[in-house]
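**Student:**
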Amino acid sequence: MQTYKQTIKIGMFIGIVCSVVLAQTLNVFASPLVYVLSEVSGVAQDEGGIISIIDINDAYSITHVAEAGLDGVQTIATSPDHTTAYVSDRHNNVVYVINTESGTVEATIPVNNDGEIVISPDGTKGYIPDKSSAGNIWTLDLTTNTVSGSISVPHSPFFLALSPDGTRLYGNDDSQLYVIDATTDTLITAVNTSGGGQDLVVSPDGSKVYAVTYDISAVSVLDTATNLITNTIEMANPALGVGVGIDITTDGTKLYAANDIESKVTVIDTATETVSSTIDLGADKSPTIVVIAPDGTKAFVMNSHFNTGGTTEVAVIDTASDTLSTTISVPNAWWSFALGVIDREFTSTGTNVEITPTSLATLTFSEVTATGDTTVSATSTPPSVPEGFKLSKGDIYFDITTTATFTGTVQVCVNYTSDQGEGGLKFLHEESGVWVDRTTSLDTVNNIICGEVTSFSFFMVALQFGLPTQTFVRSTGEPIAEVVDFFSVDGDATLVIENGPNGTGTTASAIVKLNGETLALPKDFDNKHAILEIPVALPFGNSQLEVEIQGKPTGTLSVKII
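At position 108 of the sequence shown the residue is numbered 115 (our numbering), and the sequence of numbers has no breaks.
1. Near SER384, what residues of its chain come up, given a Cβ to Cβ distance below 7 Å and the 5 sequence neighbours on each side ignored?
2. Per DSSP, what kind of secondary structure is LYS530 in: helix, strand or coil?
3. Going by DSSP in three states, PRO508 sits in which element: helix, strand or coil?
4. Is it buried or exposed for THR333, if we count other Cβ within 10 angstroms and need 16 for buried?
5. Using CA atoms only, rank isn't needed, just tell me which of ILE60, ASN120 and GLY430 is closest to THR82.
6. Which of helix, strand or coil does DSSP assign to GLY430?
7. When burial is assigned at 16 or more other CB atoms within 10 Å of the CB, is VAL28 buried or exposed?
8. Pull up the distance between the alpha-carbon of THR319 and that of ASN339, whole angstroms please.
9. Can you say whether LYS215 is buried or exposed, counting buried as having 16 or more other CB atoms within 10 angstroms of its CB?
10. Determine the DSSP secondary structure at TYR177, reduced to helix, strand or coil.
11. Since GLN551 sits in a beta bridge, which residues does DSSP pair it with?
12. Is THR381 near the ligand MG, with its Cβ less than 7 Å from a heavy atom?
13. Among residues of its own chain, excluding the 5 on either side of GLY430, which ones have a beta-carbon nearer than 6 Å to its beta-carbon?
14. Which one of PRO117, THR513 and ASP325 has the shortest CA to CA distance from THR563?
15. Helix, strand or coil for TRP442? Go by DSSP, reduced to three states.
16. Where SER159 and THR190 are concerned, what is the direct C-alpha to C-alpha distance, given to the nearest angstrom?
17. Looking only at C-alpha atoms, which of THR90, ARG97 and TYR423 sits nearest to GLY106?
18. On the criterion of 16 or more Cβ atoms from any shown chain inside 10 Å, does GLY458 qualify as buried, or is it exposed?
19. Return the residue from the list ILE568, GLU489, ARG445 and ALA544 that minimises the CA-CA distance to ILE504.
20. Three-state secondary structure (DSSP) at ALA30?
21. Name the DSSP bridge partner or partners of GLU524?
22. Does the count of Cβ pairs from the stretch 360-367 and the stretch 429-446 closer than 8 Å reach three?
23. By how many angstroms is the C-alpha of ASP137 removed from the C-alpha of VAL360?
24. ILE299 and ALA306: beta carbons closer than 8 Å?
25. Going by C-alpha distance, which of PRO546, PRO508, GLN557 and ASN549 is nearest GLU485?
26. CB-CB under 6 Å to GLY122, same chain, minus the five flanking residues each way: which ones, in chain order?
27. Between which residues of its own chain and GLU438 is the CB-CB distance below 8 Å, once the five residues before and five after are set aside?
28. Could you give the residue range of the beta strand (DSSP E) that holds ASN310?
29. Could you check where the beta strand (DSSP E) with TRP145 kicks off and where it finishes?
30. Compare the C-alpha of ALA304 against each of SER336, THR277 and GLY259 and name the closest.
31. Name the DSSP beta bridge partners of ARG481, please?
32. Specify the secondary structure class of ALA66 as computed by DSSP and reduced to three states.
33. State the start and end residues of the unbroken beta strand (DSSP E) segment that holds PHE466.
34. State yes or no: is the C-beta of PRO542 within less than 8 Å of the C-beta of ASP499?
35. Specify the secondary structure class of ALA278 as computed by DSSP and reduced to three states.
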């Protein structure tokens, strides 16, 4: 189950369509942050744009991170793991595929577009409306970054939404709500609404669709089992109010809908489908877009879709009390068109909960019983490297912490830099001061190593270049012969043999072979405690150590390669 939380909303009202611009040097998809996409000048609507980042955990500090001259860039969505951003450009008729780590445009998808781009929960498909007069929604194959087909509808909608399981696509146009089978990409039905279709949202359980109708400032409720409108919730004075944006809390209990002209946010109880409260944002705020924080504690509302003062405001609503807690002023943001909240660290409850806090690692919890945030921090300076290991290329050493409550195991998969000796990579976990090998899989094609743990502390991806201490015990009169296979890295090493380690009994007539070659042991090595160091040359690849103990009925021998 993928549990990332990403919400990106766009605003459109009174027929005005504004553009935003994503720079081609973008490295902003951290967490948890609010994104405001705006133009940098009020002179012309289609000028270059800027992305303003609001740090939720740092007193709502603001950073302007991107400027560019891309003309007509309008909407943005990210892949489930947040490694890729898809940005629509309605003037140049393309969708840019951007690596969010490097900020580079990796591909462009030629497509005639105008409207909201949405991505399937598995990240393999995208949908975007056609800007021509003919009704059409394009389907995108995101594995090949190509247009894979189209869905014919009576009129191209601007706003789209996908069901949580990805099987249904919903579109809201001027007078109809479209229900589309996303498994076959065909229109199931078109449901008549009251006109002026704006934003829409699907309930977390997929049972309802809530669609804003601009003309009467109301929310239409669609039952997804019957595809019928079961209720129309009036959110403001129809003569004065203009409904635009909407979002739903993560638990599905409340809706927050923006009322543009009255400068209010309407709160709707989804159980009773009635207005439970109205939040006044102040005079002339013109709220257009609403997004809910991943933990459900805040609603962010974009005020002033177009502000002649060059400042966009983002209102922050406390969802527990349904009160306005603060307003954030975002400077140098004239035409603000998209608002997004992304929190890669948020860990929801459930089973097989998968998160990707950073591009470094993906975690899968077998069960999470209480929500929280999970963080991964990396460094290249570990305190020590265990015997027989060295840090791999890239020096992957990191710490994982979580405020979530979980039971059972957690699979941690790490992306590593290709290394000549990668076949010897191990996923090591520090447990009670001891490094323990917890490796479960090693994918040398895609450079991913995984390990499974039941607790969090320090982790290390290290290269086993030799052999940790191996102890061979002869406890009966029968001779023993043991073989140890290990992965070695080519180069000079030292094989250390200890007879009778830690006060144990000594051996006699020991035979030690490395890769089939018998190592010469001196006669005075038998029957007494002694340590012998032998220079050896290791190959790159699989190696084998063979030890035979004969002679005395009991005894212990230890061997390591460093």
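The beta carbon of each residue, even a glycine, is placed where N, CA and C say it ideally should be.
**Tutor:** On the basis of the supplied data:
1. PHE405 and ASP406
2. DSSP places LYS530 in the helix class (H, G or I) of the three-state scheme.
3. Reduced to three states, the DSSP call for PRO508 is helix.
4. exposed
5. ASN120
6. In the structure shown, GLY430 sits in a helix (DSSP, three-state: H, G or I).
7. Bear in mind that a pLDDT of 29 at VAL28, under 50, signals an unreliable position, so the model cannot answer this.
8. One C-alpha to the other measures close to 8 Å.
9. buried
10. strand
11. ASP492
12. The ligand MG is absent from the structure shown, which contains no ligand whatsoever.
13. PHE494
14. For THR563, the nearest C-alpha among the options comes from THR513.
15. In the displayed model, TRP442 falls within a strand according to three-state DSSP.
16. Near 15 Å, if we compare the C-alpha coordinates of THR190 and SER159.
17. A small fix is needed here, since residue 106 is Asn in this sequence, not Gly. Selected option, being the one with the closest Cα: THR90.
18. By the neighbour-count definition (other C-beta atoms within 10 Å, threshold 16), GLY458 is a buried residue.
19. If we check each option's Cα against that of ILE504, ILE568 comes out closest.
20. The pLDDT assigned to ALA30 is 31, lower than 50, so where the model puts this residue is not dependable; a value taken from the coordinates is nonetheless given after this. In the structure shown, ALA30 sits in coil (DSSP, three-state: anything other than H, G, I, E or B).
21. BP columns for GLU524 point to LEU521.
22. no
23. 35 Å
24. One thing to note: ILE299 has its Cβ within 8 Å of the Cβ of ALA306.
25. GLN557
26. PRO136 and PHE165
27. SER462 and SER464
28. 305-310
29. 143-148
30. Before going on, a small fix: residue 304 reads as Thr here, not Ala. Measuring from the Cα of THR304, the nearest candidate turns out to be GLY259.
31. GLY562
32. coil
33. Judged by DSSP secondary structure, PHE466 falls within the beta strand (DSSP E) whose first and last residues are 465-471.
34. yes
35. coil
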